[in-house]
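A quick write-up on the structure given underneath.
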Amino acid sequence: MRQLDNIKTIGDIGNIGDAANLVLNTAPAAMKATLGLAIYDLWQQGKLDFSFTTPPPETPARPDKPELVWPTKVPKRGISQDQNARSATLHALLHIELNAIDLAFDIISRFGATQPREFTDDWMCVARDEAKHFNLLADRLEKWGVVYGDFPAHNNLWQAAIDTQANLGARLAIVPMVLEARGLDVTPKMIEQFISAADKESAEVLKIIYQEEISHVGYGVKWFEYFCRKNSKKPNEYFHLLVSQFFKGKIKPPFNEQARTQAAMNENYYRPTNTG
Ligand SMILES: [Fe+2]
Ligand SMILES: [Fe+2]
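Sequential numbering from 3 applies to the sequence shown in the working numbering.
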């Protein structure tokens with residue numbers, strides 16, 4: 003377990019906005035995860051005010067490695083007997099989880115002041131989960147001698163954050179409801195593939211992540227529908243409008259209907275032909 007030893011500044015943080023910004027402005031990856039968990043505890047213990055004084059950075063601090071490359075230049079991954087290919091796959095997930103930590107603290111810092119306190123409570127739970135996911139994957143990779151930064155990665159996730167930084171509805175539509183929901187679609191198959199490759203430990207890590215990601219999509223739906231009620235928008239229609247404006251790809255099947263339903267996402271969000 004990574005220890006929080008040299009973070010002096012955390013004691014000086016008085017409010018949740020500054021605490022979230024501290025995580026965003028922390029570059030070392032393991033430290034970002036550790037700080038995130040510490041700030042979750044402080045929030046739970048009532049030691050941080052529900053106030054926001056400074057906006058978040060546009061781009062969070064990150065370590066020098068991994069090198070960020072075009073998605074087509076990311077090394078070939080796989081889930082097979084080849085441990086190097088499995089390392090590349092887990093490293094890609096580790097990179098996603100690091101982005102997810104920053105995305106959770108960014109949504110709190112950027113939009114928390116405009117929303118009920120419960121919004122911050124919910125996204126703090128997401129931040130805690132993402133930091134835990136980062137640590138689980140980092141620990142798994144460490145056994146193979148792999149650390150964060152050993153493989154190149156791409157920056158698509160943070161680009162989605164920048165594209166949606168002025169519009170909470172768009173942020174909720176694209177990040178939890180398109181991208182994290184896509185994770186629910188693909189993860190069960192990955193778990194099966196890790197089991198087939200006789201890598202039960204990695205499969206167990208992915209099972210934990212999968213279960214917790216369902217709640218993240220659920221928070222996305224919950225706050226997107228709250229946003230729509232406040233702004234007199236029809237959720238399904240507005241979602242598809244935002245996706246057409248802010249998401250470059252298409253929402254593609256196969257869909258994990260069971261997990262999406264568990265997250266309270268009705269099928270009109272992902273079957274455009276049914277809207278109207
Ligand atoms: Fe995660
Ligand atoms: Fe997540």
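Ideal Cβ placement from N, Cα and C applies to all residues, glycine included.
Quantities reported herein were computed from a predicted structural model and do not represent experimental measurements.
Throw me the rounded Cβ distance for the residue i and residue j pair, which I believe falls under 8 Å.
i	j	result
L244	G185	Contact doesn't hold; Cβ gap of about 19 Å is too wide.
S111	G19	5 Å
G114	F54	6 Å
Y42	A129	6 Å
F248	P237	Not a contact, Cβ separation roughly 16 Å.
L100	R142	Not really, about 15 Å apart at Cβ, beyond 8 Å.
F121	G38	Contact flag wrong, Cβ pair sits at about 17 Å.
Determine the closest residue to residue i out of the options, with distance taken between C-alpha atoms.
i	options	result
S198	T36, L37, N27, G80	G80
G220	E206, P178, F249, L92	P178
I98	P255, R88, Y240, E182	E182
T61	Y271, N17, A163	A163
R64	T28, A22, L37	T28
D201	K49, L39, R88	R88
K252	E132, Y271, A266, W45	Y271
Just mark residue i as buried or exposed, buried being the case when its beta carbon has 16 or more other beta carbons within 10 Å.
i	result
M3	Annotation note: pLDDT 36 at M3 (below 50); position unreliable, coordinate value reported separately. Result: exposed.
W72	exposed
I193	buried
Q5	Reliability of the predicted coordinates at Q5 is poor, the pLDDT of 43 falling under 50, and the value obtained from them is presented with this limitation in mind. The residue is exposed, with fewer than 16 neighbouring Cβ atoms inside 10 Å.
T189	buried
K34	buried
T56	exposed
D66	exposed
T36	buried
E132	buried
Taking only three categories from DSSP, how would you classify residue i?
i	result
L50	coil
A199	coil
A155	strand
N86	helix
N169	coil
Whole angstroms are fine: how far does the CA of residue j sit from the CA of residue i?
i	j	result
T277	F257	Its pLDDT being 43, under 50, T277 is placed unreliably by the model, and nothing is read from it.
L95	L139	8 Å
I211	K134	9 Å
D152	D84	17 Å
V149	N233	44 Å
T74	N158	12 Å
N8	P154	Legend: pLDDT at N8 = 42, less than 50; position of this residue unreliable, value from coordinates given subsequently. Straight-line Cα distance between these residues: approximately 28 Å.
F196	A90	13 Å
T127	Y240	Correcting the residue type first, residue 127 is Cys in the shown sequence and not Thr. So the two alpha carbons sit approximately 26 Å from each other.
D51	C230	28 Å
Q47	P68	35 Å
Any Cβ of chain D within less than 7 Å of the Cβ of residue i?
i	result
A205	Annotation note: the requested chain D is absent from the structure, which comprises a single protein chain.
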